[in-house]
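Notes for the one structure printed next.
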Amino acid sequence: MTYGELFRPQFHFTPAAQWLNDPNGLVTYAGEYHLFYQYNPEDNVWGPMHWGHAVSVDLLNWTHLPIALYPDEHGYIYSGSAVIDWDNTAGFGKEAMVAIFTHHLDHHQSQSIAYSTDKGRFWTKYKGNPLVPPPDTIRDFRDPKVFWHENGDAGYWVMLVAAGDAILFYSSPDLKRWTLRSRFGSGYGSTEGVWETPDLFELSVDGSLETRWVLTVGVGDGAPAGGTGVQYFIGDFDGESFSSHNPKDTILWADFGADFYAAQSWSDEPNGRRIWIAWMNNWQYAEVIPTSPWRGALTLPRELKLASTPQGIRLVQKSVSELLNIRGEHWHWRDEAIADVNAELLKKVKGETLELIANFEVTEVPANQHFGIRLRSGKTNHTTIGYATADQSLFIDRSQSGFIDFSPSFPDIHTADLAPLDNAVKWHIFVDRSSVELFANGGQVVLTER
Ligand code: FRU
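If you count by our numbering, then the sequence shown holds residues 2 to 451, one letter each, in order.
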């Protein structure tokens, strides 16, 4: 496999061929990070969903493995998660890897499981599937995310399932018998689109002993850059139900670019980090992105933390430290004044894969200025990352980014509010041929764009 095709990312995960959407079943076991994903092996558009599979020891170099889960008499295999059943609560065997996913048949969705006792290579679907039918006539009932929860002396499994405009919370002693405990949503945050692919985890605030629970939810429409996006809530989880610490109408977005969806975090990350990854795409145009023979890519894996900001506690994301190992040739400048269009300064910097760290002092910038960087500049095309001082906003302009006319919703300028931090605007950017990830001010604001 050359991976030399036009637009093929070099350090982001892509399937060798055919269609990929959501990351699924993220779990670490025996030194391997497992990545399953929504996969259609027959075509490079969405279709009968399988779980594709890859493993990695460093979250960057992935080994493709055979398909893990195939559609069956209960339907397509939609998104879900995976856990290691350390105490053999399900009775599938010592340290079984258990996948919890949605079966989709016609318009009926229900939750099912499958297990592997050989490090995720060979999978057996549970004979009692499907296990959890929708609680009422709801059609959208999918994407189970499961984790083990210790509550005082008791430990049990918790499952989140997206259901229309809400998240349902279940619990189980054995991954088979699930009891509905609570629901959250219906009027909280962004409700413009259907809720999908939830996740829930506890994080320390500013690295202290204080913690908060973070509920993340994919929203099918109405994200800041249009179409699909990921919102999050900060609050508490008491083992049965989630409560938000913010008013109902607070909307927090994990990413302000167009291409960050269906994010999920790894279970059992061996270094205690909370790392997530997302599908680097948008349902608005995912099926017509002009790549072949594959279609679909994932974002960089990102480590999550919570930070106190003047606006309140917020999620911050940074690229995982493993990425430092693939750095190459390095250029460095400091104390440069940026006056007018200074195309000379970065002239030497060329490449299809780049990491850029840029700190702009903004103390003396006139009130109505734009500054920034043009990426992948050719004679007529480029992508601009910029900052507008007048309204303190960050933007990525991809309206002149080459082959952009495959969908009217693709060429656009996407913006996010960003107040300077210590009188500076700080960027950490990854360019991978056809993608840009921009982490601003320590990852408080992120934009991900194809
Ligand atoms: C999110 C999603 C999930 C669903 C899967 C189907 O992108 O719509 O809700 O399980 O894709 O492929």
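Don't be surprised by glycine CBs; every beta carbon is placed ideally from N, CA and C.
- Shown here, Ile327 sits in a helix according to DSSP, grouped into three states.
- DSSP places Asn442 in the helix class (H, G or I) of the three-state scheme.
- According to DSSP, residue pairing for Glu203 in a beta bridge involves Trp214.
- Sequence-distant Cβ neighbours of Val289 in its own chain, meaning closer than 7 Å and more than five residues away, are Phe407 and Ser408.
- Gly208 is positioned such that its CB atom lies no closer than 9 Å to that of Leu439.
- Counting along the chain, His150 sits inside the beta strand (DSSP E) bounded by residues Phe142 to Asn152.
- The C-beta distance from Phe102 to Ser117 rounds to 13 Å, too long to meet the 8 Å contact threshold.
- Relative to the ligand FRU, the beta carbon of Trp47 is positioned inside 8 Å of a heavy atom.
- In this model, Glu356 and Leu395 are separated by some 18 Å (Cα to Cα).
- In this structure, Thr192 has its beta carbon at no less than 8 Å from each heavy atom of the ligand FRU.
- Boundaries cannot be given for Phe93, as no beta strand (DSSP E) includes it and DSSP labels it neither H nor E.
- Note that the segment 86-94 does not touch the segment 65-77; fewer than 3 beta-carbon pairs, one per stretch, sit closer than 8 Å.
- Relative to the Cα of Ala441, the nearest Cα in the group Gly223, Ile397, Asp137 and Lys351 belongs to Ile397.
- By the Cβ neighbour-count rule, Lys351 is exposed, with fewer than 16 other Cβ atoms within 10 Å of its own.
- In this structure, the beta-carbon distance from Met98 to Lys128 does not fall below 9 Å.
- Where Gly403 is concerned, there is no enclosing beta strand (DSSP E), because DSSP gives it neither an H nor an E.
- Taken through DSSP and simplified to helix, strand or coil, Glu304 comes out as strand.
- Inclusion of Ala226 and Asp413 in the CB contact set at 9 Å is warranted, their separation being smaller than that value.
- Pairing Gly230 with Pro199 gives a Cβ-Cβ distance that is not under 9 Å.
- For Leu204, the closest alpha carbon among the candidates Ser266, Gly186 and Gln370 is that of Ser266.
- Here Lys146 is buried, its C-beta having at least 16 other C-beta atoms within 10 Å.
- Placement of the Cβ of Gly228 at a distance of 8 Å or more from every heavy atom of the ligand FRU is found.
- Secondary structure note for Trp277: its beta strand (DSSP E) is the uninterrupted segment Ile276 to Trp280.
- Taking C-beta separations shorter than 7 Å and ignoring five residues to either side along the sequence, the partners of Gly403 in its chain run Asn382, following chain order.
- Relative to the ligand FRU, Trp179 has its C-beta separated by 8 Å or more from all heavy atoms.
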